[in-house]
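Here the structure comes first, spelled out in structure tokens, and everything after it is commentary.
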Amino acid sequence: MPNVEFPERFRMGDYFLYHNLEEGREGKVCLYYGDETFTYADAARMSNRAGGALRELGVEIEDRVLIALPDCPEFVWSWFGANRVGGVITMVNPLLPADDYRYYLEYTRARVAVIHESLVENFARATKEARHLENVLVVGVESGDFHSFARAVNCQPDELTPADTHRDDPAIWLFTSGSTGRPKGAVHLQHDLPYNTECYAKGVLGVNENDLTVSVPKLFFGYATGTNLLFPFAAGGATALFSERSTPEKIFEMIERYRPTVLTSVPTMINSMLAVSGAALRDLSSLRMCLSAGEALPEELYRRWVGEFGVEIYDGIGSAEMFHIYITNRPGDVKPGSLGRVVPGYEAEIVDAEGRAVQTGEMGTLRVRGDSAALCYWQAHEKSKATFAGDWCTTGDQFHADEEGYYWYHGRTDDMLKVSGVFVAPAEIENCLLQHEAVLEAAVVGHDAGDGLVKPKAFLVLREGRAPSEELARDIKDFVKSRLALYKYPRRVEFVESLPKNDRGKIDRKQLKNP
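Sequential numbering of the sequence shown, starting at 7, is according to my numbering.
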């Protein structure tokens, strides 16, 4: 178990960014963006200026700052600037409708928001009812109603007296995915994110100053905030950002241009990159690892990726409640199909509905503990008590652990199906479907045909050159019957052009259940 301790007076921004100046990396490039490069000295200077602008606009210790930006340098300056003055960072997707921004502004009570120029119209509608918001900074073209980020930052000095914060002061909210309602803010303290960085990024992955990262998920998502900004900065490495939408072609382009050593991805993008024509000819030789999270990586995808590109994937699980990965496969220790073993510095156990530990090999609900756990959900006292019980955080994920200590994911508790009186994990059926030669993507949900009995239903995206037909549907059902228990096969198969995804790249089963 690693011994990770932080001083009483502590700012996570010092741990991630400003320590690089003390360690002689002022002139080292830490950020690539298009044709622009920024050194650690640049990052510190611009973050100080952004912090000065926020302070001038009234941000004080514990005031929330809402960041709604694509991946760009200004996201980085705003993130570290907010922390520098003791503000509490809240990050949201920059591609949301006005109603969602209205919710986030009211929920966070943000005093200042930093937004992209493309959001001005939606934010103008959202701010009409924002009782606590005082100022909005716009990155890009100026708006008559809001302040210019560039102008506000450029008039600030390069140096800034930082806030004197405690290691247990609130520092950042990480939002849940909102799969069962509005997203909730998991309130994290100054030491939470550094703790996971020590245990997982440095301790397990060995992230170091020679690493350069690229990410499929965007920085507003805590998974990418860690792997594509905080982890490389903590180790003195670098990141390459792009503001465009993540597509297989764009990811290949970023890898071939910047030659990263670490790629942060998700199963849907891993599948999409494999499906690109000529994928085997693309050069991924710079990568020493690919990370996957968000949802379990099917063993079939893992084997195809490693076979095609020769790059290991370390699949793991983390959450907004714990900040980042706490169970994972790792260098020299990959069991395909599993989510690996517990990260040193964390503990995990699998329990039944009454909270009792189950036997090895039995399925139950995963709970985990470690010093990156959130304090609570904001404005959700009962939910906080249910999730954060003492030191333990109950995840709502169904797992079993094998005799060697590897953890196997079966799905979210809410997604489990009870078929013929037996619980069935959709992930097991989906993994089987992906092994069929015609299937590119698969999602399984419960379907009631009107008789009150729930049976598996499969939504399938076919590979190029394969056409939907009743004969193919029968063949796919027979394929599953031949490999799984008979009651698990999908009674209905629906062919679709694409599967709905949420803003974290996960398949949105809620939309499939309620079309």
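C-beta: ideal position from N, C-alpha, C; glycine also.
Being a predicted model, the structure only gives us computed values, none of them experimental.
State the Cα-Cα distance for the pair residue i and residue j, rounded to the nearest angstrom.
i	j	result
Thr400	Val193	16 Å
Glu204	Ala473	49 Å
Gln365	Val357	9 Å
Thr45	Leu166	18 Å
Asn234	Glu477	45 Å
Asn437	Leu307	9 Å
Pro337	Asp20	29 Å
Asp484	Leu468	17 Å
Pro8	Leu280	37 Å
Phe501	Phe465	6 Å
His442	Ala286	21 Å
Gly57	Phe227	22 Å
Ala50	Leu23	7 Å
Phe315	Arg17	40 Å
Phe152	Ser504	38 Å
Ala359	Leu490	26 Å
Lys461	Leu440	19 Å
Lys391	Tyr383	9 Å
Gly361	Asp397	14 Å
Gly232	Tyr413	22 Å
Ile323	Ile333	6 Å
Gly376	Ala407	19 Å
Gly150	Asp77	24 Å
Val10	Val340	26 Å
Asp522	Ala433	The structure shown has nothing for residue 522, since the chain only spans 7 to 521.
Leu293	Tyr113	40 Å
Look up residue i in the DSSP assignment and give the residues it is bridged to.
i	result
Lys190	None, per the DSSP bridge assignment.
Gly324	Ile331
Asn141	Val118
Pro432	Note: Pro432 sits in no beta bridge, so no partner.
Lys463	Val451, Arg498
Cys296	Leu269, Ile319
Trp4	The structure shown has nothing for residue 4, since the chain only spans 7 to 521.
Val35	Thr45
Val374	Ala354, Cys399
Leu468	Val445
Ala406	Reading off the sequence shown, one finds His at residue 406, where the question assumed Ala. DSSP, once it has assigned bridges, lists Trp414 as partnering His406.
Arg347	Thr334
Ala244	Leu218
Ser278	None; Ser278 has no bridge partner.
Phe394	Cys399
Cys382	Val193
Ser154	Val144
Rounded to whole angstroms, how far is the Cβ of residue i from the Cβ of residue j, which I believe are closer than 8 Å?
i	j	result
Arg15	His172	7 Å
Glu327	Ala380	5 Å
Ala524	Gly417	Past the boundaries of the shown model lies residue 524; the chain is included only from 7 to 521, so the question cannot be answered.
Val145	Val71	Val145 to Val71, Cβ: 14 Å. No contact.
Pro254	Ser278	5 Å
Pro266	Leu218	5 Å
Ala302	Tyr415	4 Å
Ile276	Val220	That pair is no contact at about 14 Å.
Val118	Leu199	That belief does not hold up - the Cβ atoms of Val118 and Leu199 are roughly 21 Å apart, past 8 Å.
Gly243	Asn202	Not really, about 17 Å apart at Cβ, beyond 8 Å.
His330	Tyr206	6 Å
Val499	Ile435	Actually they do not touch by this definition, with Cβ atoms about 11 Å apart.
Asn335	Tyr352	Incorrect: roughly 15 Å between the Cβ atoms, too far for contact.
Gly511	Thr274	5 Å
Tyr110	Val98	5 Å
Pro79	Leu37	6 Å
Of the choices the options, whose alpha-carbon is the least far from that of residue i?
i	options	result
Ser325	Val71, Phe485, Asp403, His453	Asp403
Ile178	Val94, Val82, Leu199, Ala448	Val94
Arg188	Tyr107, Val272, Glu148	Tyr107
Gln162	Glu11, Glu140, Met52	Met52
Thr371	Tyr383, Ala354, Trp384	Ala354
Thr419	Ala74, Arg55, Val451, Ala444	Val451
Asp69	Ala59, Val91, Asp77	Val91
Asn160	Thr270, Glu259, Asp48	Asp48
Asp289	Ile257, Val272, Met275	Ile257
Phe81	Pro342, Phe155, Lys507	Phe155
Gly411	Glu434, Leu345, Ser475, Lys461	Leu345
Glu388	Asp174, Gly64, Lys190	Lys190
Tyr495	Tyr320, Arg480, Lys507, Gly232	Arg480
Leu423	Ser271, Arg373, Tyr383, Arg515	Arg515
Lys463	Glu470, Ala449, Ser475	Ala449
Ile73	Asp170, Asp105, Leu180, Glu62	Leu180
Trp83	Asn54, Glu368, Phe129	Asn54
Thr270	Arg157, Val317, Arg115, Gly87	Val317
At a cut of 8 Å, does the segment 28-41 reach the segment 128-139 through at least three beta carbon pairs? No, the segment 28-41 is not in contact with the segment 128-139.
The segment 234-248 contacting the segment 292-303, beta-carbon criterion three pairs below 8 Å: No: fewer than three Cβ pairs fall under 8 Å.
Below 8 Å, can you find three or more Cβ-Cβ pairs linking the segment 109-126 to the segment 26-40? Not touching, per the Cβ criterion.
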